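Residue numbers (the numbering used here): -15 to 57.
Everything below concerns the one structure shown next.
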């Protein structure tokens, strides 16, 4: 197995089970799983520091207004 995984790396999953059936369970080395987890945690931590886009705030406000109107109706 290569040390660096890219889109061109051959299958990263073990698609066969001992009985010959197909398996949907990925088989990644623990170091790869850890690296992916670290990257996702870092990305989401930075994302939480970003301000919410104005358009999203407008949509949320609109949905809240519609929800209150349907509750009152």
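A virtual CB, placed ideally from N, CA and C, is assigned to each residue, including glycine.
None of the values given here were measured: they were computed from a predicted structure.
Assigned with DSSP and collapsed to three states, residue 13 falls in coil, not helix or strand.
Here the alpha carbon of residue 52 sits roughly 37 Å from the alpha carbon of residue 26. Assigned with DSSP and collapsed to three states, residue 48 falls in helix.
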